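Structure, as structure tokens:
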Amino acid sequence: MLQLLQNYAAFNVWANQTITDAILEMEEHTHQQIVKSSFPNLYATVLHMWDAESIWWQRMEGHAQLLIPGKEFNPTMKEAVNGLLNQSREWSSWMNRVTEEQLQNEFHYKNLKGEAFTSGVWQVVHHLFNHGTYHRGQLVTMMRELGSTEIPSTDFIHWYRKIR
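Per the numbering used here, residue 68 is the first one in the sequence shown, and the count goes up by one each step.
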């Protein structure tokens, strides 16, 4: 399981970099243009991805008080992208230090409503990387709706073929 999650962590960094590079190539006004999805635009979706990775990181690190980037300040798209990518790299680095035994530990946390949960560390990490895949799919759809024709593949198998 450790090797698989390490691969997912590295993939997550690569996929986030790949899709956000393409977004930053788009005209700046499109980042805020409304497109019907879970979030209203590219910017809000990228910001949500950063928030989620940051929140899970802070929980994993045992922070009692969470600092949510999207609520603490109003970053530009470039700052949101950089925040997301830095957080993704932090997760990947952590995955390269963690042990199989640590992944099997129980993880106790509260959601944003204050409700308590217990999950395996591996389940939380797997959820985190899967969450990114879900929202990258939304970003691709939004980019198409906004007229982009330069949309890179961010499929896991595409990444895997590139690294072999």
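Where a beta carbon is used, it is the ideal one built from N, C-alpha and C, also for glycine.
Quantities reported herein were computed from a predicted structural model and do not represent experimental measurements.
Between residue i and residue j, what straight-line distance do the alpha-carbon atoms span, to the nearest angstrom?
i	j	result
K145	Y110	10 Å
P219	T85	7 Å
F78	F223	7 Å
G137	W124	15 Å
M127	W226	27 Å
E157	E168	20 Å
Y176	N108	30 Å
Let's test the definition: count the other Cβ atoms within 10 Å of the Cβ of residue i and tell me whether it reaches 16, buried, or not, exposed.
i	result
A119	buried
M116	buried
R203	buried
G129	exposed
H98	buried
Y234	The question about residue 234 has no answer here: the residues shown for the chain are numbered 68 through 231.
G199	buried
Q196	The question names Gln, yet the displayed sequence has Phe at residue 196. F196 should be labelled buried.
L71	exposed
Put residue i into one of helix, strand or coil per three-state DSSP.
i	result
E173	strand
T185	strand
T208	helix
K138	helix
Q132	coil
D222	coil
N163	coil
L179	coil
S105	coil
T143	coil
Kindly list the residues whose CB is nearer than 7 Å to the CB of residue i, restricted to its own chain and excluding five residues on each side of it in sequence; keep chain order.
i	result
S186	F174
V148	T87, L91 and V113
G150	W117, P136 and P142
Beta-carbon within less than 8 Å of residue i's beta-carbon, same chain only, minus the 5 sequence neighbours each way: which residues are those?
i	result
L152	V80, N83, Q84 and T87
Would you kindly check if the distance between the Cβ of residue j and the Cβ of residue i is under 8 Å?
i	j	result
N163	V188	no
L170	M68	yes
S155	I135	no
L213	Q100	yes
E217	A89	yes
T208	S104	yes
Starting from the C-beta of residue i, find all residues in its chain whose C-beta is less than 6 Å away, skip the five residues before and the five after it, and write them out in chain order.
i	result
F106	T112 and H115
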